[in-house]
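**Student:** Have a look at this one.
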Amino acid sequence: MDLYNKYQSYSNTELLLIVRQPSKHGAADLVVVKDILSGRTVTEEDQVAADKYILEHQRNSVQPKPVLDFSLYETDPELEKQGRKDLNVILCLMGLVFAGILCGVVASLWEARDCGSCMGHVLLRYSFSLVITLALGLLMYYRKRWGWILTFGYCLLQIGSYSTTLLKAATTSSVRSAYVYVATAFIITNIITLVFMCRDSISAYLGFTTAQRTKYIVRTVMVTAFLTFCMIYVSFS
Numbered sequence: 015m016d017l018y019n020k021y022q023s024y025s026n027t028e029l030l031l032i033v034r035q036p037s038k039h040g041a042a043d044l045v046v047v048k049d050i051l052s053g054r055t056v057t058e059e060d061q062v063a064a065d066k067y068i069l070e071h072q073r074n075s076v077q078p079k080p081v082l083d084f085s086l087y088e089t090d091p092e093l094e095k096q097g098r099k100d101l102n103v104i105l106c107l108m109g110l111v112f113a114g115i116l117c118g119v120v121a122s123l124w125e126a127r128d129c130g131s132c133m134g135h136v137l138l139r140y141s142f143s144l145v146i147t148l149a150l151g152l153l154m155y156y157r158k159r160w161g162w163i164l165t166f167g168y169c170l171l172q173i174g175s176y177s178t179t180l181l182k183a184a185t186t187s188s189v190r191s192a193y194v195y196v197a198t199a200f201i202i203t204n205i206i207t208l209v210f211m212c213r214d215s216i217s218a219y220l221g222f223t224t225a226q227r228t229k230y231i232v233r234t235v236m237v238t239a240f241l242t243f244c245m246i247y248v249s250f251s
């Protein structure tokens, strides 16, 4: 009876808002509100006013959904579907990179089979790339935010590294043609990976606040710088 007394003073528009937003109210409230509305004459103006209020409220309360926040996948089926599709493509591309590096290990070991120290250097250099690629793949698979950022930086590093190989091949004769093909394939693969990552990352970036954008850029730069240092160190060790 208390609920009836409470909602009897509400206007038709207010009662319509309660009915159209059932998740915000209890079952008993909805029953009472619907019963009250059934005894009233609801005009078109009431309907329009309720629609307008809900539309304005949604417009003001909608927050950007950065894909980097993977927890949103649990509450948004469409985002989950699109995110999983992109993630599968990225993981397949990373798998190709991993397989390519593995082939490079085998080929380089075969070429350096008569040089013990050369084989050790090859294993050290390629093992680093294999471990990094595998680790990033696992981080991406389990949807860790750092995995996304690390992979972004690593792809940029790979493109820079193999671009240097192509530049060296164009200016000297010390780089074999097979390496040129491998470098070209890796650059294309990493660019495609970045395209899929950027499609989601840019939308997330645009939805960030200034502080979040700064933090995102700083993280990416730091990660890229760290991986560059590691690659240079391993290459010249």
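Sequential numbering of the sequence shown, starting at 15, is according to the working numbering.
All C-beta atoms in this analysis are idealised placements derived from N, C-alpha and C, irrespective of residue type, glycine included.
Quantities reported herein were computed from a predicted structural model and do not represent experimental measurements.
Indicate whether VAL45 and ILE32 have their beta-carbon atoms separated by less than 8 Å.
**Tutor:** No, these two residues do not count as a Cβ contact at 8 Å.
**Student:** Just how far apart, CA to CA, sit THR55 and ALA63?
**Tutor:** Distance between the alpha carbons of THR55 and ALA63 is about 15 Å.
**Student:** Hey, could you find the ends of the alpha helix (DSSP H) ARG54 is sitting in?
**Tutor:** First-last for ARG54: undefined, no H or E at that position.
**Student:** Pull up the distance between the alpha-carbon of ILE201 and that of LEU181, whole angstroms please.
**Tutor:** ILE201 and LEU181: Cα-Cα distance of roughly 13 Å.
**Student:** Can you give me the C-alpha to C-alpha distance between GLU58 and TYR67, rounded to a whole angstrom?
**Tutor:** Using only the alpha carbons, I get a separation of about 14 Å.
**Student:** Rounded to the nearest angstrom, how far is the Cβ of ASP60 from that of ASN26, given a contact under 8 Å?
**Tutor:** Confirmed, about 4 Å.
**Student:** Do you know how far the Cα of CYS169 is from the Cα of THR198?
**Tutor:** Distance between the alpha carbons of THR198 and CYS169 is about 14 Å.
**Student:** Straight-line CA distance for LEU30 to ALA41?
**Tutor:** Distance between the alpha carbons of LEU30 and ALA41: 15 Å.
**Student:** When burial is assigned at 16 or more other CB atoms within 10 Å of the CB, is GLN172 buried or exposed?
**Tutor:** It counts as buried.
**Student:** Classify SER23 as helix, strand or coil using the three-state DSSP reduction.
**Tutor:** Of the three classes helix, strand and coil, the one that applies to SER23 here is coil, per DSSP.
**Student:** By the 10 Å Cβ neighbour count, where 16 or more other Cβ atoms means buried, how is GLN22 classified, buried or exposed?
**Tutor:** Answer is exposed; the Cβ neighbour count stays below 16.
**Student:** Would you identify the three-state DSSP class for VAL33, choosing helix, strand or coil?
**Tutor:** It is helical.
**Student:** Leaving out five residues on either side along the sequence, give the residues of the same chain with a beta carbon under 6 Å from the beta carbon of TYR24.
**Tutor:** Answer for TYR24: no residue qualifies.
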